[in-house]
Each structure stands twice: as structure tokens, then as C-alpha cells.
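*Asks:* Got a structure for you, questions after.
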Amino acid sequence: MAQRMVRDDAPGPEEWRKALALFSGYKRIALVANSEALNIGDVEAANSADTLFVFFTRCPRVLKRPFSRASVLCHRMKDPERFNEGEKHVERARALFAPGALKGEVGIIAHDVPKSGAKPYSPVGQSNSVGHLLDLDSVFFPFYTPDMTPTTGFAMAIWLVENLPDAKVILCGFTGVRGPDFRMRTMHDWTLEQTVLRLLSRSGRLEQAFGGRSTNSTLDRLDRRFPKLSEADIALVAADVLSDRINAIDRLVSMLWSVSRAPRAIHRALAGLKPGAKRMGRDDDR
Numbered sequence: 042m043a044q045r046m047v048r049d050d051a052p053g054p055e056e057w058r059k060a061l062a063l064f065s066g067y068k069r070i071a072l073v074a075n076s077e078a079l080n081i082g083d084v085e086a087a088n089s090a091d092t093l094f095v096f097f098t099r100c101p102r103v104l105k106r107p108f109s110r111a112s113v114l115c116h117r118m119k120d121p122e123r124f125n126e127g128e129k130h131v132e133r134a135r136a137l138f139a140p141g142a143l144k145g146e147v148g149i150i151a152h153d154v155p156k157s158g159a160k161p162y163s164p165v166g167q168s169n170s171v172g173h174l175l176d177l178d179s180v181f182f183p184f185y186t187p188d189m190t191p192t193t194g195f196a197m198a199i200w201l202v203e204n205l206p207d208a209k210v211i212l213c214g215f216t217g218v219r220g221p222d223f224r225m226r227t228m229h230d231w232t233l234e235q236t237v238l239r240l241l242s243r244s245g246r247l248e249q250a251f252g253g254r255s256t257n258s259t260l261d262r263l264d265r266r267f268p269k270l271s272e273a274d275i276a277l278v279a280a281d282v283l284s285d286r287i288n289a290i291d292r293l294v295s296m297l298w299s300v301s302r303a304p305r306a307i308h309r310a311l312a313g314l315k316p317g318a319k320r321m322g323r324d325d326d327r
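Okay, structure coming up:
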């Protein structure tokens, strides 16, 4: 089976070109994160009338009333026909757009990146569940962390930046920081994603807003305050300091793990006595 890799200078598969038609008429494209800290009213006010808004399946976290501006709804797909989040979440998301506001839906396929590098998949073709299907495995296999999966928002941002160079891509609420209400899944490499997004922001290829850092990070402020120091030296020293702090935290975690061994053993023993515990464990594995 041939590996499906797309050349750097290629416009992409036919399905990519069809999906681009949804976005190509807009000079501003705002991707809205599923963040509880995001105020959708502020996002609307900050973006002009010619902006296309991109939402994701869990958009009910930020949309509390029908959204009336031009939008695209994106879903992670298990395969061309099955939604990752389930039909009920998809229908709930669709119901939050006023008539005529939703210009289209895009399904995104982005599998776990294998340890061995590029993984061959057969072409997925079209989907009957969504109007457009983007198979982005070939985009992320060369550089994403093995055994981890790109987030849908990150996948969409990279695809837009690389395929619509004349459009201004704005990330709203993409902080990579855990909030008080919604969990951050460990299957994603949040550090790598934030690194890539901030580098693209520094180079002017996208804009980070509403919590996402752009040109006013700690290192940027140090660079402006001490202009005789090179950016490389600042970054190297900061990385060294961060490494020391992480190592210190690792030692504390190891100590806590050691002293909590007995309580954890008791907890596991008691959990095993609960009716249905084994059945629940099998369901969780599935």
C-alpha cells in the first residue's frame, strides 16, 4: 500500500480544494476555542463583519444562544462516517446556529502519530455525514509527537495557515492552559502545539487573541528590556531554568507517589469490592 504523503508544494487532494471554497471568500477567519473563559460577545465585537467564525463540536461551552454570523462547524471524525463525539453532541452544536449562519461543516481525520513515522492509510474519500472531509494525517505524521493526537483546533489552524496564506487567521482562546471546569485530554501534546502556534504568531502568519499569547510574552518583554542580549541566549537560559523547575517538581511528585502508596493500595482494594467494578473497567477500556 502506498503511503499517502502530500508534497510541500502541492495544493492538496481534491477534497482539500473543495473545503477551501468554504473559506476562500473571507479575509479574516476566527477559530473559536471551546474555552469556558471565552466571552463570545467580546469575540464578536473584536471581529469585523467580513469575518468567518470556525467552531467545533463542543461549541455549546461558549455559545449560549443561536449564533447569527457566518460560521463553519468542525468535527473530529473516527472515520468518514462516524463522529468522535457522538451524534447527540453534533446535533446540539448544529442547533446553536441561526438560520443561514452555518455555511458548512468540515470533518477532520487526524489519527495518533505512530512511533515508526509515516503510517500508510488508504484514502478516505468523501463522507455522507459532513459536507467536507479533511484527512490530515499526512500533515502531522512528519513532526507531531509519536503516540499522540493533534487537537482538532490545532489541526484546523495549521491547515488554514498553510493553504490560505492571504487570509488572516485569528485564534480566540487557544491558551493550552487547563481551566476550572473542562479537562484537557492528555492524548494531545499541548506543549508542542502552543510552541508551533506562538512561533507562527511571532512570524505574523496568524494572530492569537483572548488569552493566547502573541508578542507580549515574558521572553518578548525581556528581549525589549535587555536589547543587547540575543534572543537565542534568552531562550536557552529560560529553557535551563524551566528544566530545573520541572526536575524539582518531578522529585516532589516522586516523593508524593511514594508516601501515597498505601492509601492507593487500599483504594484499589475497596474499589474492587464494589458491585459492577469489573464490568465498568471493561467498558472504560473500550
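For any residue, its number in the numbering used here is found by taking its place in the sequence shown, counting from 1, and adding 41.
Even glycine gets a Cβ: it sits at the ideal position worked out from N, Cα and C.
Treat the numbers as computed from the prediction; the structure is a model and nothing was measured.
In terms of alpha-carbon separation, which member of Lys209, Met118, Glu85 lies closest to Arg69?
*Replies:* Nearest of Lys209, Met118, Glu85 to Arg69, Cα basis: Lys209.
*Asks:* Could you work out which residue in Ile199, Ile211, Ser258 is closest to Leu237 when comparing CA atoms only?
*Replies:* The question names Leu, but residue 237 is Val in the sequence shown. It is Ile199 whose Cα lies nearest to the Cα of Val237.
*Asks:* Per DSSP, what kind of secondary structure is Lys68 in: helix, strand or coil?
*Replies:* Lys68 falls in the coil class under three-state DSSP.
*Asks:* Name the two residues that bound the continuous beta strand (DSSP E) containing Ser244.
*Replies:* Unbroken run through Ser244: none, as it is neither H nor E.
*Asks:* With DSSP collapsed to three states, give me the class of Lys129.
*Replies:* Helix, per DSSP.
*Asks:* Residue range of the alpha helix (DSSP H) that His308 falls in?
*Replies:* Element bounds for His308: 302 to 314.
*Asks:* Which same chain residues, not among the five before or five after Met228, have their C-beta less than 7 Å away from its C-beta?
*Replies:* Within the same chain, Met228 has close Cβ partners Met189, Thr190.
*Asks:* Is it true that the CB of Ile275 sits closer than 8 Å to the CB of Asp285?
*Replies:* No.
*Asks:* Quick check on Met118: does DSSP put it in helix, strand or coil?
*Replies:* DSSP places Met118 in strand when its eight states are reduced to three.
*Asks:* Using 8 Å for Cβ pairs, my map puts Thr186 next to Asp230. What's the rounded Cβ distance?
*Replies:* That pair is a contact at about 4 Å.
*Asks:* Tell whether a beta-carbon distance below 8 Å holds between Ile149 and Leu175.
*Replies:* Yes, the Cβ-Cβ distance between Ile149 and Leu175 is below 8 Å.
*Asks:* Just to confirm, are Gly127 and Gly145 a CB contact at a threshold of 8 Å?
*Replies:* Cβ distance not < 8 Å, so Gly127 and Gly145 don't count as in contact.
*Asks:* Identify every residue that forms a DSSP beta bridge with Lys209.
*Replies:* Lys209 is bridged to Arg69.
*Asks:* Report the three-state DSSP secondary structure of Thr92 (helix, strand or coil).
*Replies:* Strand.
*Asks:* Where does Val202 sit, in a helix, a strand or coil, going by DSSP?
*Replies:* It is helical.
*Asks:* Closer than 7 Å by C-beta to Leu241: which residues in its own chain qualify, once you throw out the five before and the five after it? Chain order, please.
*Replies:* Hits under 7 Å: Val202, Leu247.
*Asks:* How do the segment 95 to 103 and the segment 67 to 85 stand: do at least 3 beta-carbon pairs fall below 8 Å, yes or no?
*Replies:* At 8 Å Cβ cutoff, the stretches touch.
*Asks:* If you measure between the beta carbons of Ala142 and Arg110, is that distance less than 8 Å?
*Replies:* In contact: Ala142 and Arg110 (Cβ atoms closer than 8 Å).
*Asks:* Would Arg117 pass as a contact of Asn125 if the rule is Cβ separation under 8 Å?
*Replies:* Yes, the pair counts as a contact, with Cβ atoms nearer than the cut-off.
*Asks:* At the level of alpha carbons, what is the spacing between Arg58 and Asp261?
*Replies:* Taking the straight line joining both Cα atoms gives about 37 Å.
*Asks:* Which of the three DSSP states is assigned to Ser112 in this structure?
*Replies:* Strand at Ser112.
*Asks:* From the DSSP output, read off the bridge partner residues of Gly333.
*Replies:* Coverage of the chain is limited to positions 42 through 327, which leaves residue 333 absent and any answer about it impossible.
*Asks:* Expressed to the nearest angstrom, what Euclidean distance is found between the alpha-carbon atoms of Cys213 and Arg239?
*Replies:* Going from the Cα of Cys213 to the Cα of Arg239 covers about 13 Å.
*Asks:* Could you pull the DSSP bridge partners for Ala139 from this structure?
*Replies:* Answer is none; Ala139 lacks a bridge partner.
*Asks:* For Gln249, which residues does DSSP report across the bridge?
*Replies:* Answer is Leu212, bridged to Gln249.
*Asks:* Hey, Cys100 and Asn75 are a contact pair by Cβ (cut 8 Å); roughly how many whole angstroms apart?
*Replies:* The Cβ separation is near 6 Å, so the contact holds.
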